[in-house]
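Q:
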Amino acid sequence: MTRWAAAALLGMATVLAAVPCAAGRGPEVQVTSVRAFEHGPSDAQLIELRPRLRRLVGYRSFRIVAEEHRRCGWGTRASFTIPGGRVMHVVPKAMREQAVVMQVRLLDGTRSLIDTDVRLQNRGVMLFGVDREPHAPDGALIIMLRAEE
Amino acid sequence: MTCAEVDRHLDAFVDGELPAAMLLEVARHASGCATCDAAVRTLTELQHRIAATAEADAAALDLSGVWPAVAAGIEREESRATWTRRMAMAPTLAAAFALAAAALFWVRAASGPSGEVPRVATHRPNQAVIERLDSEARIELRRERKNGTTLIMVSDDGEAAR
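Shown next, in the form of structure tokens:
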């Protein structure tokens, strides 16, 4: 093998190694699970959001039960564990008009509670809720999804 | 006048409600009859005690909150009257606004292409556009107007949405 061929092969290997890294860059996705109750205190972190949550969800007390955030690759499925044996799959697809386009699926076992394609404003938050769960009939589970590119 | 007649008119006598002639007759009888005199005295004493108790109760009443409540009521009423006056002016204001808008439109149209204002898309911080939504459960879509926050609420009661 000539010196030039070796250099070419090294260059190709470098490029090929760099491609998955570039594809792996994507939005930072944060999934926060919050339990909502009729009565009781709210977490300090949620005090600012509380009025909005109260208007939307209808409960008065909000407590964070789980929080997870990670950088997700474009076109790659990221799974987030949700309390109550559920899982949320997020597949970021693209950026369009300052919004993150993604597929979001909320599964309870094999049952699909939500399967949606959504375009969420960059750095925006959207909510998913499971109301009156069988094991917590006096409240609801709220999942806050935030995406930032 | 007999004792029975005095007894019948006793209350009215003590209250001073009898006609003058009758009042005099009862007084004359009571002055010569110990039983009727005692009855008149007892009833008069009772009346004084009731009056004294009523006065004491009235003095003990706390009326300090009454005037502030009345003042607040007056203020509310005045505020309502002010709004009513403002609403009466609404047609005039609307006409003035329409005139101003028309003038602005005319000035912009006259200034030509250089006067064009670039259109800026205003996005609410949490605006989300749902392009597709499927579920095996009952779902409800809620939106908050100010920030555009969207909530997809699932009623996880085991029933599939049909």
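Taken in sequence, the protein lines are chains A and B.
My numbering puts the first residue of the first sequence at 417, with every later residue one more than the last.
My numbering puts the first residue of the second sequence at 8, with every later residue one more than the last.
Just so you know, even glycine gets a beta-carbon here, dropped at the ideal spot from N, CA and C.
Do M160 (chain B) and G545 (chain A) come within 8 Å of each other at the CB atom, strictly closer than that value?
A: Yes, Cβ-Cβ distance for G545 (chain A) and M160 (chain B) is below 8 Å.
Q: Give the residues of chain B in contact with F544 (chain A), contact being defined as C-beta atoms less than 9 Å apart.
A: Here the neighbours are L158, I159, M160 and V161.
Q: Hey, how far is the Cα of A63 (chain B) from the Cα of G555 (chain A)?
A: Computed Cα separation, rounded: 55 Å.
Q: What span of residues does the beta strand (DSSP E) with A138 (chain B) cover, start to end?
A: The sequence given here places Glu at residue 138 (chain B); Ala does not occur at that position. Run containing E138 (chain B): A135 to D141, per the beta strand (DSSP E) assignment.
Q: Starting from T60 (chain B), trace the alpha helix (DSSP H) both ways and give me its first and last residue.
A: T60 (chain B) -> alpha helix (DSSP H) spans A41 to A67.
Q: In terms of alpha-carbon separation, which member of B:W74, B:S142 and B:I57 lies closest to I530 (chain A)?
A: For I530 (chain A), the nearest C-alpha among the options comes from B:S142.
Q: Under a three-way DSSP split, which group does H16 (chain B) fall into?
A: Residue state, collapsed to three classes: helix.
Q: Beta-carbon of V136 (chain B) versus every beta-carbon of chain A: anything under 8 Å?
A: Cβ-Cβ to chain A under 8 Å: yes for V136 (chain B).
Q: Kindly list the residues whose CB is nearer than 6 Å to the CB of V481 (chain A), restricted to its own chain and excluding five residues on each side of it in sequence; keep chain order.
A: The residues are S449, R451 and P499.
Q: For H130 (chain B) and chain A, any beta-carbon pair shorter than 8 Å?
A: So yes, H130 (chain B) belongs to the interface.
Q: Could you tell me which residues DSSP puts in a beta bridge with T497 (chain A)?
A: Looking at the DSSP assignment, T497 (chain A) forms a beta bridge with A:V503.
Q: Listing by chain order, which chain B residues have their CB less than 7 Å from the CB of S458 (chain A)?
A: Those do not exist, as S458 (chain A) stays about 17 Å from chain B at its closest Cβ, beyond 7 Å.
Q: Grab me the residues of L158 (chain B)'s own chain with a C-beta within less than 6 Å of its C-beta, minus the 5 sequence neighbours each way, in chain order.
A: Cβ neighbours of L158 (chain B) beyond the five flanking positions: R149.
Q: Quick one: is T497 (chain A) near chain B, going by C-beta distance under 8 Å?
A: So, not an interface residue.
Q: Hey, how far is the Cα of E138 (chain B) from the Cα of R92 (chain B)?
A: Straight-line Cα distance between these residues: approximately 48 Å.
Q: Is the Cβ of S449 (chain A) closer than 8 Å to any Cβ of chain B?
A: Chain B, which has no Cβ nearer than 8 Å to the Cβ of S449 (chain A), makes this no.
Q: Write down the C-beta distance between L536 (chain A) and A494 (chain A) rounded to the nearest angstrom, noting that I regard them as a contact closer than 8 Å.
A: Incorrect: roughly 15 Å between the Cβ atoms, too far for contact.
Q: Which chain B residues sit within Cβ distance under 9 Å of S528 (chain A)?
A: In chain order: D141, S142, E143 and A144.
Q: In the DSSP output, which residue or residues are listed as bridge partners for M511 (chain A)?
A: Beta-bridge pairing links M511 (chain A) to A:V516.
Q: Sort A:V534, A:M511, A:F478 and A:E513 by Cα distance to H505 (chain A) and report the nearest one.
A: For the residues A:V534, A:M511, A:F478 and A:E513, the minimum Cα distance to H505 (chain A) belongs to A:V534.
Q: Here's the rule: buried if 16 or more other CB atoms are within 10 angstroms of the residue's CB, otherwise exposed. What is G155 (chain B)?
A: Classification for G155 (chain B): buried.
Q: Pull up the distance between the alpha-carbon of P132 (chain B) and that of R145 (chain B), whole angstroms please.
A: Roughly 28 Å between the two C-alpha positions.
Q: Quick one: what does DSSP say T89 (chain B) is sitting in, helix, strand or coil?
A: The answer is helix: DSSP assigns T89 (chain B) an H, G or I state.
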